[in-house]
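> Mind looking over this structure? Questions follow.
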Amino acid sequence: MASAAGSSGGNASLADPLLASAKKLVGAKGKYWEAADKEARRAAKESGGEDGRPLLFRTYKVKGALLHPYRALIFIRLIAVLLFFIWRVKHNKSDIMWFWTMSVVGDVWFGFSWLLNQLPKFNPVKTIPDIAALRRQYDLPDGTSSLPGIDVFVTTADPIDEPILYTMNCVLSILASDYPVDRCACYLSDDSGALIQYEALVETAKFATLWVPFCRKHCIEPRAPESYFELEAPLYTGRAPEEFTDDHTSVRREYAEYKEHLESLSSAISKRSDVYNSMKTDQDDVKATWMANGTQWPGTWIDTTETHRKGHHAGIVKVVLDHPTRGHNLGSQACTHSLNFTNIDERIPMLVYIARGKNPSYDHNKKAGALNAQLRASGLLSNAQFIINFDCDHYINNSQALRAAICFMLDQREGDNTAFVQFPQRFDNVDPSDRYGNHNRVFFDGTMLALNGFQGPSYLGTGCMFRRIALYGIDPPHCREDNIVVDANRFGSSILFQDSISKAINQERSTIPPTLSETFLTEMETVVSASHDKETGWGKGVGYIYEIATEDIVTGFRIHGQGWRSMYCTMERDAFCGIAPINLTERLHQIVRWSGGSLEMFFSRNNPLIGGGRLQTLQRVSYLNMTVYPATSLFILLYSLSPVMWLIPDEVYIQRPFTKYVVYLLVIILMIHIIGWLEIKWAGITWLDYWRNEQFFMIGSTSAYPAAVLHMVVNLLTKKGIHFRVTSKQTAADTNDKFADLYDMRWVPTLIPTTVVLICNVSAIGVAMGKTIVYMGAWTIAQKTHAALGLLFNVWIMVLLYPFALAVMGRWAKRPVILVVLLPVAFVIVCLVYITVHILLGGLVAF
Ligand SMILES: O=c1ccn([C@@H]2O[C@H](COP(=O)(O)OP(=O)(O)O[C@H]3O[C@H](CO)[C@@H](O)[C@H](O)[C@H]3O)[C@@H](O)[C@H]2O)c(=O)[nH]1
Ligand SMILES: [Mn+2]
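Counting in the numbering used here, the sequence shown runs from 291 upward without gaps.
Written out as structure tokens, the structure is:
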């Protein structure tokens, strides 16, 4: 349990370890990085800050000793690839000419897409927030703060697929975050419109009255209770170590009770509704769902009706906790406890429940629609200058994270031109060997750091802080027009909301939001109604972008295209943490959505070749890469099926002279991995991260990516978009095994091509063995070399598909050694079958 180590400091002292860790990053993990802002810091020091604002983050670049060889290698490989093409075109000799042509086209595409991927990694930049400096500047001596407001959005779509407990943990981690309570508001958007979510939020508000001050008193991390209580030895940094053990025990007990309340909600709501319904005999065929106060729930009912179901109900906005200056109204309902909270701020940030209205006649635009409804409702209610959004399966893992993001927004250098601050995504439910590359480190720690050297990382959907006016589609200060038109055509008909935009542009914000009068509440319901944003700029130039399955990349693209920049914020204790699908079927669904969304973006007006007027060139190249990469899979699929040639009687070569061709291929493939090795160094990741990425790209390329391409073709023909199927966060029933889900793959059509590739390669190896035995004496040295080189290719594909083979094995994969036995057995069987057939048919055909 708790280790009560050290007693110094309170909240303020937390900044110091973080600052120290910023230094450590440059030392240990960051041994390939050096400061790149010495000049700027000196200037800022001399002038006392250009406009009085201190520098709030540090910038690092990769040391020359690593960067120069890295860049040189990229250049050398470019030349090698060009020479290879020239060689191939000059030696257009092949046994199957159409295949040769396809493969040349494929090679050109590989070369081109490699370039798209590689060029934007030319100049990686790491930026680390200086939270201590932010505190010195914005935390006032009287204990108050002059930090700007933040509205925090959480989205959930289903209480079953997205378990309520996770969502509520996310909310608790926000409420307990280290940010001035009166400058932070939390909005939960519930796309299921279910009463259970609302009542769970009310329960959460009650538990928060205990949880939040407990977190503040003992400075605990993380502030999501489920993850916190899982820790075996929480690190202690609070001021009252002697009270910690008792407090910890009682809060843990209260948490268990709170969880029981959450679990009992479903039956409590059913029972209550039955009672009310039995009293209303006049409407005996309608079974409504009733709230605790005796009124009918306006959202989805347990027994659904035409206007009370998931896709059709009125808009709901309920302020669960009002602004802290008005008290939290929980009265006797608040958690009763014996904890000593003297001198601890017991106030809790504002908490609001939103279920936007839905109507079958309108497209509700999935997550982007939900976020836009939150934008409008929060505009009316708190209108904070900054917004940060979370998926319900993520939580704040470092209570300083909101401050960290603000460091970039308020910095005197690029602060005002910064539209959003993206954090890397981290996951804590992934199996230790990360079989399906869920950690995605190559992307989060490589690609995104690289973009940080240009206009900044792309928006990745969760854990991203925005400047409100950038989301509204307003230009950055350096190219903003004086007269900004705020009208109904663009922003919708609510006058109150239009006023809030003007205020946001002028950054006027009263700390205390409006009184919740009847008319005000009605206006809030109007701005979240199903039809409110139709025929306006919402989803096009305003807010999160619609009509594309992945709203994230395209929204970031729209903002970068206006000339804004973004920043990438990495912290030593990860800022946020979430859940990733460790089940192959779920994971591939996710990948189909991502890659399908990318292709949709390519075929939309947000195509990086034509849109985004103010994009920097390499930023544009990167977006182009993000939209076209799924196409690469078609050629990979073709190549990985080519071993089928072993199965035909003739000796055929895709390119002659074959040996030279393979040597060329080996060289340019090897160079990719040498460049990758240097990338591993500066990104601070491991070989395993790199390797899993390679493997999963191969699995995706033979399943999800071609499926996305097919979707796209159908989409272009029928105009039907990709369905946003929420990634299931349900875990398999086995409670003893945390990773039970890993072994639970369901067969879906997407998996067919991968299976075919696997079978094809196993057969090819078997037949190759058979041919070797049969023809050993007759083959020339050259033929033997060719056979060996061909086999090398087969084996490489098999190694890349290894995680897929494990998936097919289901629970047997708990002993992967079985595969090492099974595969050779399969080879031998195919080999024997080949030899038998050869002997039987020997006299008839040469086989
Ligand atoms: O109609 C919908 C559909 C989804 N969501 C929410 O969207 C979020 C992301 O959904 P999830 O199924 O968890 O998707 P992931 O694949 O895990 O999410 C990644 O990919 C998404 C884009 O496809 C991004 O939006 C996410 O931020 C990113 O983490 C969740 O909070 C959902 O509740 C809604 O609110 N309404
Ligand atoms: Mn998710």
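All C-beta atoms in this analysis are idealised placements derived from N, C-alpha and C, irrespective of residue type, glycine included.
Of all the options Ile958, Asn983 and Lys496, which has the alpha carbon lying nearest to the alpha carbon of Ile369?
Ranking the options by Cα distance to Ile369, first place goes to Ile958.
> Write down every uninterrupted run of the beta strand (DSSP E) in the region 552 to 629 whose length is 3 residues or greater and which is fully enclosed by it, in chain order.
Qualifying beta strand (DSSP E) stretches, in chain order: 606 to 611.
> What is the DSSP secondary structure of Phe1014, reduced to helix, strand or coil?
Here Phe1014 sits in coil by DSSP.
> Indicate, with yes or no, if ligand 1 has a heavy atom lying under 6 angstroms from the CB of Ala794.
No, the Cβ of Ala794 stays beyond 6 angstroms of every heavy atom of ligand 1.
> Are there any heavy atoms of ligand 2 lying less than 6 angstroms away from the beta-carbon of Thr845, as far as the coordinates show?
Flag unset: Cβ of Thr845 not near ligand 2.
> Compute the Euclidean distance between the alpha carbons of Gly605 and Gly831, then round it to the nearest angstrom.
Roughly 24 angstroms between the two C-alpha positions.
> Taking three-plus beta-carbon pairs below 8 angstroms as touching, is the region 703 to 711 in contact with the region 746 to 757?
The region 703 to 711 vs the region 746 to 757: in contact.
> Of all the options Ile795, Thr907, Tyr929 and Phe365, which has the alpha carbon lying nearest to the alpha carbon of Val395?
The option with the nearest alpha carbon to Val395 is Tyr929.
> In the DSSP assignment, find the unbroken beta strand (DSSP E) run with Asn679 in it and report its ends.
That run of the beta strand (DSSP E) goes Phe676 to Asp681.
> Count the other CB atoms within 10 Å of the CB of Val1085; is the residue buried (16 or more) or exposed (fewer)?
Burial call: exposed.
> Judging by CA-CA distance, which residue of Ala1058, Leu927 and Cys697 is the nearest neighbour of Val1123?
Checked all of Ala1058, Leu927 and Cys697; the closest Cα to Val1123 is Ala1058.
> Answer yes or no: do Asn688 and Ala865 have a C-beta to C-beta separation smaller than 7 angstroms?
Cβ atoms of Asn688 and Ala865: closer than 7 angstroms.
> So, with DSSP's three-state summary, where would you put Ala475?
Strand.
> Using 7 angstroms as the threshold, is the C-beta distance between Arg446 and Cys754 below it?
For the sequence presented, residue 446 should be read as Thr rather than Arg. No, the Cβ-Cβ distance between Thr446 and Cys754 is not below 7 angstroms.
> Go through its chain and collect everything with a Cβ distance to Ala645's Cβ below 6 angstroms, but skip five positions before and after it.
Closer than 6 angstroms at Cβ, skipping near neighbours: Asp480, Gly483, Gly589 and Ile606.
> Terminal residues of the continuous alpha helix (DSSP H) containing Ser856?
Taken as a continuous stretch (DSSP letters only), Ser856 belongs to no alpha helix (DSSP H), being part of the beta strand (DSSP E) at Arg855 to Tyr858.
> Please indicate yes or no: does the CB of Asp940 lie closer than 6 angstroms to some heavy atom of ligand 1?
No - ligand 1 has no heavy atom lying nearer than 6 angstroms to the Cβ of Asp940.
> For a test of the three-state rule: what should DSSP assign to Ala325, helix, strand or coil?
It is a strand residue.
> Just to confirm the assignment, what range does the beta strand (DSSP E) spanning His508 have?
Run containing His508: none in the beta strand (DSSP E); it sits in the alpha helix (DSSP H), Leu485 to His508.
> Less than 7 angstroms separating the beta-carbons of Tyr913 and Phe847?
For Tyr913 and Phe847, yes; Cβs fall inside 7 angstroms.
> Please name the residue, chosen from Ile938, Asp706 and Leu1006, that lies closest to Phe893 on a Cα-to-Cα basis.
Out of Ile938, Asp706 and Leu1006, Leu1006 has the C-alpha closest to the C-alpha of Phe893.
> I'd like the span of the beta strand (DSSP E) that includes Leu937, first residue to last.
Taken as a continuous stretch (DSSP letters only), Leu937 belongs to no beta strand (DSSP E), as it is neither H nor E.
> Residue range of the alpha helix (DSSP H) that Leu1096 falls in?
Here the alpha helix (DSSP H) through Leu1096 covers Tyr1092 to Met1099.
> Label Lys411 either buried or exposed according to how many other C-beta atoms from any shown protein chain fall within 10 Å of its C-beta, with 16 as the threshold for buried.
The residue is buried, with at least 16 neighbouring Cβ atoms inside 10 Å.
> Given 6 angstroms as the limit, tell me if Asp481 has its C-beta closer than that to any heavy atom belonging to ligand 1.
The answer is yes for Asp481.
> Do Val444 and Phe680 have their beta-carbon atoms positioned less than 7 angstroms apart in this structure?
Taking 7 angstroms as the Cβ cut-off, Phe680 and Val444 qualify as a contacting pair.
> Here's a check: name, in chain order, each residue in its chain whose Cβ is nearer than 7 angstroms to the Cβ of Ile364, leaving out the five neighbours to either side.
Excluding sequence neighbours, Ile364 sits near Gln408 and Ile965.
> In the DSSP assignment, find the alpha helix (DSSP H) that holds Leu968 and state where it starts and stops.
Element bounds for Leu968: Phe948 to Ala973.
> Note down the Cα distance separating Glu493 from Asp721, rounded to an integer number of angstroms.
Using only the alpha carbons, I get a separation of about 32 angstroms.
> Roughly how many angstroms lie between the CA atoms of Asn655 and Met1002, to the nearest whole one?
Computed Cα separation, rounded: 18 angstroms.
> Exposed or buried, which one is Ile1049 when buried takes at least 16 other CB atoms within 10 Å?
With fewer than 16 Cβ atoms within 10 Å of its Cβ, Ile1049 is classed as exposed.
> Quick one: what does DSSP say Gly317 is sitting in, helix, strand or coil?
Legend: pLDDT at Gly317 = 43, less than 50; position of this residue unreliable, value from coordinates given subsequently. In the structure shown, Gly317 sits in a helix (DSSP, three-state: H, G or I).
> Residues in the same chain with beta-carbon distance under 7 angstroms from Ala658, minus the five sequence neighbours each way, listed in chain order, please.
The residues are Gly829, Tyr834, Ile835, Tyr836 and Glu841.
> Excluding the five sequence neighbours on either side, which residues of its own chain have a C-beta within less than 6 angstroms of the C-beta of Ala334, listed in chain order?
So the qualifying residues of the chain are Leu345.
> Excluding five sequence neighbours on each side, which residues of the same chain lie with their C-beta closer than 6 angstroms to the C-beta of Gly727?
Closer than 6 angstroms at Cβ, skipping near neighbours: Arg982, Asn983 and Phe986.
> What would DSSP say about Met458, mapped onto helix, strand or coil?
Three-state result, Met458: helix.
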